[in-house]
Structure formats: structure tokens, C-alpha cells
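Undergrad:
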Amino acid sequence: MSTVGYRIIEEIKRPSNELIESFRNLQVANLDDCMQRNAAVHSSIKPINQAKILGSALTVKVAPGDNLMIYIAIDLAHEGDVLVINGDGYTERALMGEIMIQYARNKKLGGIIIDGAIRDFDVISKMDFPVYAKAVSPNGPYKNGPGEINYPITIGSKVVHAGDIVVGDADGVVFIRPHDAPSILKKVQTVIDYEKKLLNQLAQGELLDITWAYKKLHESDCTITKEEKL
């Protein structure tokens, strides 16, 4: 019998490297467009440096300000895994700093995403290892537990399962269920082609056709007058 709130799943099913790599050069904004424009994590979770993130999610739930389970998660992680950490949004105590981030980097993880705080910002912000977090705090963490590893969590208002595909860039982060990946990959190419067409038109000095916007106004009974009536 598992202890709810204090439990670990050591082995998880991960997507193939080939499937993960299919997302290598795709922008988060384009992927989000293919997911009803409502899939990105909350904007409060931001990139700490310029390194892009890609990999398979290893989920961690910790008590606010406590990082015991993060040490265990790094130890259990496989190369390319992205630690996705629900720190309950608590930002007055850092869950990770330079030492732990370097530890994760040495294990060749794909990156770190924390709904919480980090410290040692000056160093981490210059690393070539992707880190996303909600805030910076010099206060160090406790190491007592409890927590969970590889159980579903929420982070930045989005649900994440262990083994989800994680894609992150300067705009933000999205999580993709592996069984949804093929349809999203198909849709995203259509989005890319359409945006490229519009950008080419603008580069040639053309204007956008926004007749669709006026149609939308009429369909929603928006009142349009030539001038204001006093």
C-alpha cells in the first residue's frame, strides 16, 4: 500500500528518443497554437537562461521549501529527462541552487522546471543548461520531505504526467502526451507554413487581409458607427 503524499515510482515509460527529437526545432508558440492556444504553463514560470529545453518529464512534488525528493529524483533520472517540480508555487525558499543544478547537468538531464524558487541566479543565468523557475530567493531549502516522484502533478496550472514530452523556449513551456504527439506534429507544420506565408507578404511591404476580423464583429452584433453621436 502506497503512502499518499510520500511515495516514489522508480521506473516509468518514456517516449522514444526519435519522437522527442521530432520537436527539436519547433517553437513553443506554434505548438501552443495547435493545442487550442491554452497549453502553455503560466507565464510566472520563466526561463532563467537562454538554453532551450526538450526531453521526457520526470515529475516531482515537494513540500514548500523542501528539496529532499529532488535529490532522489536526480539520482533516479535518465539522461535527457527533464525534472518538472511542483514546489507549490512557494517562492521564499529556493529549492535548487548552483550545486544541485550542476549535479543535474553532470547527469546529462534535459533541464529543470520549478514552480518555485532557485538561488545562485548570477551563475545559473549564464549556464548552457536549461532552468525555468518562478522566482529567486537566497533562502536555502529544508531536506525533510515528504513528496512524490513520478506521480501526476500540476505546474503552472497545467497537469503533467511522468513521460510527457517537454518543450521549452524563451516564450514558455508546453507538455505533450506522447499519444497526442503525432497529431500535433502534423498540425504544427500547417501553422508554420501559414505564418511563413504571412511573414513573406509583410516582408514585401504588403498589408494583412483582416476582413475576417470585420466579419467576426458583424457576427457578434458589434455596433459600428461612422462618428460618435453626442
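Number 149 in my numbering belongs to position 159 of the sequence shown; there are no gaps in the numbering.
Ideal Cβ placement from N, Cα and C applies to all residues, glycine included.
Find the nearest neighbour of isoleucine 102 within the set Asp159, Glu196 and Lys176, judged by alpha-carbon distance.
TA: Asp159
Undergrad: Less than 8 Å between the CB atoms is what I'm expecting for leucine 16 and asparagine 134, so what's the real figure, rounded?
TA: By a beta-carbon distance limit of 8 Å, leucine 16 does not contact asparagine 134. Their separation comes to about 40 Å.
Undergrad: Nearest to lysine 51 by CA position, among Gly(-5), Asn39 and Thr81, is which residue?
TA: Gly(-5)
Undergrad: Is glycine 100 buried or exposed, if buried means 16 or more other CB atoms sit within 10 Å of its CB?
TA: buried
Undergrad: From lysine 42 to isoleucine 143, what does the alpha carbon distance come to, in whole angstroms?
TA: 22 Å
Undergrad: For the 8 Å Cβ check, are there 3 or more pairs between the region 111 to 119 and the region 150 to 164?
TA: no
Undergrad: Would you kindly check if the distance between the Cβ of valine 178 and the Cβ of phenylalanine 165 is under 8 Å?
TA: It is not a contact, given that the beta carbons lie outside the stated cut-off.
Undergrad: Count the other CB atoms within 10 Å of the CB of serine 6; is the residue buried (16 or more) or exposed (fewer)?
TA: exposed
Undergrad: In terms of residue numbering, what span does the alpha helix (DSSP H) encompassing methionine 90 cover?
TA: That run of the alpha helix (DSSP H) goes 88 to 96.
Undergrad: Among Glu82, Thr201, Gly106 and Asn140, which one has its Cα closest to the Cα of isoleucine 38?
TA: Gly106
Undergrad: Would you kindly work out how many angstroms separate the C-alpha atoms of isoleucine 60 and glutamate 69, rounded to a whole number?
TA: 16 Å
Undergrad: Let's see if you can read the secondary structure: which residues bound the beta strand (DSSP E) around aspartate 159?
TA: 155 to 159 is the span of the beta strand (DSSP E), which, as asked, contains aspartate 159.
Undergrad: Go to threonine 144, then tell me how far its beta strand (DSSP E) extends in each direction, as first and last residue.
TA: DSSP places threonine 144 in the uninterrupted beta strand (DSSP E) bounded by 143 to 145.
Undergrad: Terminal residues of the continuous beta strand (DSSP E) containing valine 113?
TA: First-last for valine 113: 111 to 114, but that is the alpha helix (DSSP H), not the beta strand (DSSP E).
Undergrad: Unbroken alpha helix (DSSP H) runs of length 4 or more, entirely within the region 114 to 139: which are they?
TA: none
Undergrad: Indicate the three-state DSSP secondary structure (helix, strand or coil) for alanine 152 in the structure shown.
TA: When secondary structure is reduced to three states using DSSP, alanine 152 falls in the coil class, being assigned neither helix nor strand.
Undergrad: From this set, Arg167, Ile91, Thr81 and Ala203, which residue's C-alpha is nearest proline 128's C-alpha?
TA: Thr81
Undergrad: Can you tell which of Ser12, Ala63, Asp56 and Gly79 has the C-alpha that lies nearest to the C-alpha of tyrosine 93?
TA: Ala63
Undergrad: Sort out for me which residues DSSP pairs isoleucine 174 with in a bridge.
TA: Answer by DSSP bridge pairing: none, since isoleucine 174 is not bridged.
Undergrad: Compare the Cα-Cα distances from isoleucine 256 to each of Asp23, Ser46 and Gly77 and report the closest residue.
TA: Because the chain spans -9 through 220 in this model, residue 256 falls outside it and cannot be assessed.
Undergrad: What is the DSSP secondary structure of aspartate 199, reduced to helix, strand or coil?
TA: coil
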